[in-house]
Amino acid sequence: MNYRHAFHAGNFADVMKHAVLARILTYLAEKPAPYRVIDTHAGAGVYDLAGPEAARTGEWRDGIGRLRAASLDDETRVLLTPYLDAVASFNTGDKLEKYPGSPAIARAMMRSQDRLVACELEPQASVALARSLGRDPRAKAIAIDGWTALTAYIPPKERRGLVLIDPPFEQPDEFSKLANGLEAAHRKWSTGIFMLWYPIKDDDAVNAFVRKLTRARIAKSLRLELHLATAKDENPGLRGSGLIVVNPPWTLYDEMTMLLPRLAKVLTRNDKTAATVEWLATEVSR
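So for the sequence shown, the working numbering puts the first residue at 255; every next one is plus one.
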């Protein structure tokens, strides 16, 4: 597997991931106390959709491009407004030229009292990330391995916030690292919100990953998946996008039960779609 983000910026997986991210940040902002976002594999921050990587694949056209052009019902639009407003803030008018990655979306939604730690080890992406965050005192770009950052920066002093773990899946053991990393981080910060992204490409790898997390019985673990193709012969590449959200906002289950099937219809060219919203664990094991 290989998920080099510049090639896939703004695709259907980004739409799903960032829509959920925006819902969580909206929830965190409902209380005046500050929160912190820790993005362990932050990428370059902002992506040029006319650049060589995004232009080569054109995946954004069937992702954020399709969503922005869609006619949405009122309920769906309300839930997507924070995300769509964040994307719009990087563009002029109706023209879509830039796509913000997760650290850029987080910074666009943060208040003056909130903070962002964005981690990226790859040299070119790290430089681009620092440039995209600029001199904003609320945000810091750090050149560090994301798996090291996962436990190094928690718990934050704010004691409220979100850890986003979105690795590139360039190594065959990435699913194992994701499960083990979550367990270690959760032991250090059991009340924090954790959001893990994974590609749905190899069913065996995904199922083994989910089984391992289920056995861990980490309290309040929500599984969200969006499948745009249901079999490998329909799409041998990225067929779906998955998220595990630990300690999700109490509103998220109902929001995603409504939103994910509607997103699936917007983001596909056929009717072979499926959405998963289920609990892996709801209580702490004793």
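We treat Cβ as the ideally placed atom computed from N, Cα and C, and that holds for glycine. The model shown is predicted, which means the values in this text are computed figures rather than measured ones.
Around the CB of Val332, fewer than 16 other CB atoms lie within 10 Å, so the residue is classed as exposed. Within the stretch 408-482, the runs of alpha helix (DSSP H) that reach at least 4 residues and sit entirely inside it are, in chain order, 428-442, 457-470. For Tyr301, the beta-bridge partners assigned by DSSP are Tyr353. One alpha carbon belongs to Asp427, the other to Gly347, and they sit about 43 Å apart. Remark: C-beta atoms of Leu275 and Trp314 do not approach each other more closely than 9 Å.
Within the model, the alpha-carbon separation for Glu412 versus Asn524 is close to 45 Å.
At a cut-off of 4 residues, the continuous stretches assigned as alpha helix (DSSP H) that sit fully inside the stretch 262-344 are 266-282, 306-311, 318-323, 328-342. Cβ neighbours of Met363 within its own chain (closer than 8 Å, five residues either side excluded): Ala276, Leu279, Thr280, Ala283, Pro336, Ala340. When secondary structure is reduced to three states using DSSP, Gly347 falls in the coil class, being assigned neither helix nor strand. For Leu506, the three-state secondary structure derived from DSSP is helix. Residue Ala273 holds the alpha-carbon nearest to the alpha-carbon of Pro354 among Leu375, Ala273, Gly494, Tyr289. Distances from the alpha-carbon of Ser475 to those of Thr527, His481, Asn461, Pro503 put Pro503 closest. According to DSSP, residue pairing for Ile498 in a beta bridge involves Leu450, Arg477. When C-beta atoms of the stretch 509-524 are compared with those of the stretch 316-324, three or more pairs fall below 8 Å, so the two segments count as touching. Nearest C-alpha to Leu418 among Cys373, Leu432, Ala360, Phe448: Phe448. Around the beta carbon of Glu437, fewer than 16 other beta carbons lie within 10 angstroms, which makes this residue exposed. The Cβ atoms of Thr536 and Ala473 sit closer than 9 Å to each other. Going by DSSP, Thr530 is part of the beta strand (DSSP E) stretching over 528-535. Nearest in C-alpha terms to Trp533, of all of Thr311, Arg465, Ile318, Pro453, is Arg465. Annotated as proximal: Ala296 and Cys373, with beta-carbon spacing under 9 Å. Listed as beta-bridge partners of Ile396 by DSSP are Cys373. With respect to the 9 Å criterion, Ala379 and Ala298 are classified as neighbours on the basis of their beta carbons.
Thr511 and Leu497 have their C-alpha atoms roughly 14 Å apart. Around the beta carbon of Thr402, fewer than 16 other beta carbons sit within 10 angstroms, so the residue counts as exposed. When rounded, the separation of the alpha-carbon atoms in Gly494 and Phe423 is 14 Å. Minimum Cα-Cα distance from Val499 among the listed residues Leu492, Leu467, Ala462, Asp368 corresponds to Leu467.
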